[in-house]
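Undergrad: Under this note's numbering, think of the first position of the sequence shown as 126, with each following residue one higher. Ideal placement from N, C-alpha and C gives every residue a C-beta, glycine not left out. The structure's right below; bear with me while I get my questions together.
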Amino acid sequence: MPVSSAPEEHLRLQNIGVSFGNVNVIPSLDLSVRKGEMVAFLGPSGCGKTTTLRIIAGLNTPSRGHIVVGGRDITRLPIHDRDIGMVFQSYALFPHMNVSRNVQFGLQMRNVSGREAEERAGRALEMVQLSHLAHRKPKELSGGQQQRVALARALVIQPSILLLDEPLSNLDAKLRDEMRVQIRALQQESGITAVFVTHDQVEALSMCDRVVVMRNGHVEQFGTPTEVYERPATAFVANFVGRTNKLKGKIGSDGVLSAAGQQLHSATTVAPGAVEVLVRPHRIHLQGQAGDTREADNKVKGTVSGLTFVGDLVQYGVRVGDDEIVVEEATRRERRPVGVGDSVVLGWSAEDTLVYPGGGQ
Ligand SMILES: Nc1ncnc2c1ncn2[C@@H]1O[C@H](COP(=O)(O)OP(=O)(O)OP(=O)(O)O)[C@@H](O)[C@H]1O
Ligand SMILES: [Mg+2]
126 MPVSSAPEEH LRLQNIGVSF GNVNVIPSLD LSVRKGEMVA FLGPSGCGKT TTLRIIAGLN
186 TPSRGHIVVG GRDITRLPIH DRDIGMVFQS YALFPHMNVS RNVQFGLQMR NVSGREAEER
246 AGRALEMVQL SHLAHRKPKE LSGGQQQRVA LARALVIQPS ILLLDEPLSN LDAKLRDEMR
306 VQIRALQQES GITAVFVTHD QVEALSMCDR VVVMRNGHVE QFGTPTEVYE RPATAFVANF
366 VGRTNKLKGK IGSDGVLSAA GQQLHSATTV APGAVEVLVR PHRIHLQGQA GDTREADNKV
426 KGTVSGLTFV GDLVQYGVRV GDDEIVVEEA TRRERRPVGV GDSVVLGWSA EDTLVYPGGG
486 Q
């Protein structure tokens with residue numbers, strides 16, 4: 126079968142389909158990952174992230190389609206003949222083997238044994254700063270240390286692709302932050318192509334070059350973190366990545382009309398009919414505050430229904446017709462006090478007014 130590969134492309138999923146019994150979990154997936162980039166798979170539970178990784182690794186066989194790495198079709202290649210390392214969510218370390226033996230395992234499966242395997246495992250453990258624990262068993266390690274062993278085990282085979290399935294989900298917040306930085310640094314230093322599965326949008330946006338937002342086994346959007354956040358392709362992406370306000374509305378002859386009857390301006394063009402209007406809370410401001418000279422394409426009257434002081438920002442709930450709009454503003458000393466029950470005017474730009482067809486997602 127002919128395989129095509131763009132010059133910078135390293136991994137391509139071509140028309141991949143996956144079924145379990147008669148359930149079609151992935152209908153048809155196409156994806157192209159560039160050499161040396163780190164791509165995040167982001168999406169709700171059950172959307173097919175792990176299944177896609179397992180297909181790339183060779184742990185599952187697709188019912189349809191092709192996996193191409195570096196121009197070579199590897200769809201039928203056994204796991205250990207693939208140039209791919211994987212870190213599982215549960216780490217999947219062998220409990221009876223010490224750290225060094227765990228790391229050497231993949232090398233032995235590839236017929237690298239003895240001294241060379243030991244030396245390479247030693248170097249991989251150095252990379253994750255665990256040389257001093259090489260002789261411990263997994264149960265004698267903390268969660269973060271086990272995670273690093275799993276990473277060393279994937280890196281030791283010097284794969285051209287590294288797959289990481291929610292590798293940080295069992296770690297506490299501080300270690301998670303440290304490991305994010307460490308994994309990204311290792312990935313960039315080695316120039317390895319990586320696919321990183323996560324539930325966590327902060328992780329996806331902050332660590333990766335591009336983000337795949339998945340839903341029900343298909344790609345909803347594939348773009349840079351900025352594209353996915355600032356220009357979400359669908360209402361689903363806007364809702365899933367970052368927080369947003371939702372207003373019902375419709376497109377009439379002269380633009381967007383919200384359900385509450387306000388005329389709104391948007392930079393997006395959508396066909397006439399029912400629409401969903403989305404605006405991020407921090408893109409809305411209260412008009413007329415002291416020292417506030419911001420212009421707004423959209424100005425909407427409402428009544429403050431709630432107010433929460435969160436240190437460096439203030440979160441307002443504002444009732445506009447039947448809608449409750451959340452507004453987030455940076456705390457400022459010169460701010461005129463606003464209280465529950467006060468009438469306010471909300472302002473935001475046309476550019477920040479995202480309009481999608483349909484009344485829901
Ligand atoms: N071996 C299997 N047999 C039957 N169904 C499966 C199997 N593995 C996964 N599924 C189903 O395929 C779908 C996708 O599962 P997958 O594990 O890829 O989701 P995920 O995106 O990784 O979710 P999570 O974020 O919860 O890990 C789910 O509906 C799941 O129930
Ligand atoms: Mg999963």
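#1: Can you check DSSP and say which residues form a bridge with residue 401?
#2: Whole beta strand (DSSP E) runs in the region 321 to 357 with 3 or more residues, listed along the chain?
#3: May I ask you to list the residues that DSSP assigns as paired with residue 424?
#4: Please name the residue in 454, 145, 166 whose C-alpha comes closest to that of residue 330.
#5: Roughly how many angstroms lie between the CA atoms of residue 272 and residue 434, to the nearest whole one?
#6: Quick one: what does DSSP say residue 301 is sitting in, helix, strand or coil?
#7: Return the Cβ separation of residue 278 and residue 338 in integer angstroms, given the expectation that the two are a contact with Cβ distance under 8 Å.
#8: With 16 as the cutoff for other CB atoms within 10 Å, does residue 174 come out buried or exposed?
#9: Buried or exposed: which applies to residue 233, given that a residue is buried once 16 or more other Cβ atoms fall within 10 Å of its Cβ?
#10: Do residue 190 and residue 140 have their C-beta atoms closer together than 8 Å?
#11: In angstroms, rounded to a whole number, what distance separates the CA positions of residue 295 and residue 258?
#12: Mapping DSSP to helix, strand and coil, what is residue 287?
#13: Going by alpha carbons, who is nearest to residue 402 out of 342, 356, 481, 387?
#14: Could you give the DSSP three-state label for residue 210: helix, strand or coil?
#15: If you follow the beta strand (DSSP E) that residue 140 is part of, which residue opens it and which one closes it?
#16: Give me the Cβ distance between residue 322 and residue 136, rounded to the nearest whole Å; I'm assuming they're in contact under 8 Å.
#17: Evaluate contact between the region 279 to 295 and the region 203 to 215, counting only Cβ atoms and requiring at least three cross-stretch pairs below 8 Å.
#18: Tell me, to the nearest whole angstrom, how far the beta carbon of residue 423 is from that of residue 389; I am working on the premise that it is less than 8 Å.
#19: Could you work out which residue in 192, 376, 455 is closest to residue 396 when comparing CA atoms only?
#20: By a C-beta neighbour count over all protein chains shown, 10 Å radius and 16 as the cutoff for buried, is residue 241 buried or exposed?
#21: CB-CB under 6 Å to residue 450, same chain, minus the five flanking residues each way: which ones, in chain order?
#22: Enumerate in chain order the residues of its own chain whose CB-to-CB distance from residue 127 is below 8 Å, with the five nearest sequence positions on each side excluded.
#23: With DSSP collapsed to three states, give me the class of residue 127.
#24: At which residues does the alpha helix (DSSP H) containing residue 149 begin and terminate?
#25: Does residue 314 come out as helix, strand or coil in the three-state DSSP assignment?
#26: One question on the structure: do residue 164 and residue 334 come within less than 8 Å of each other, judged by their Cβ atoms?
TA: In terms of the structure at hand:
#1: Paired residue(s): 373, 481.
#2: 335 to 340, 343 to 348
#3: 472
#4: 166
#5: 37 Å
#6: In the structure shown, the three-state DSSP call for residue 301 is helix.
#7: About 29 Å; that fails the 8 Å criterion.
#8: buried
#9: Here residue 233 is exposed: its Cβ has fewer than 16 other Cβ atoms, across all protein chains shown, within 10 Å.
#10: yes
#11: 20 Å
#12: strand
#13: Closest by alpha carbon: 481.
#14: Residue 210 falls in the strand class under three-state DSSP.
#15: First-last of the beta strand (DSSP E) with residue 140: 134 to 145.
#16: At roughly 14 Å, the Cβ-Cβ gap does not stay under 8 Å, so residue 322 and residue 136 are not in contact.
#17: yes
#18: 5 Å
#19: 376
#20: exposed
#21: 370, 443
#22: Only weak support exists for where residue 127 lies, its pLDDT of 49 falling under 50; the coordinates are left without a value.
#23: With a pLDDT of only 49 at residue 127, under 50, the local geometry of the prediction cannot be trusted, and the value read off the model is given with reservation. It is coil, neither helix nor strand.
#24: No alpha helix (DSSP H) contains residue 149, which is instead part of the beta strand (DSSP E) from 148 to 159.
#25: helix
#26: Residue 334 is positioned such that its CB atom lies closer than 8 Å to that of residue 164.
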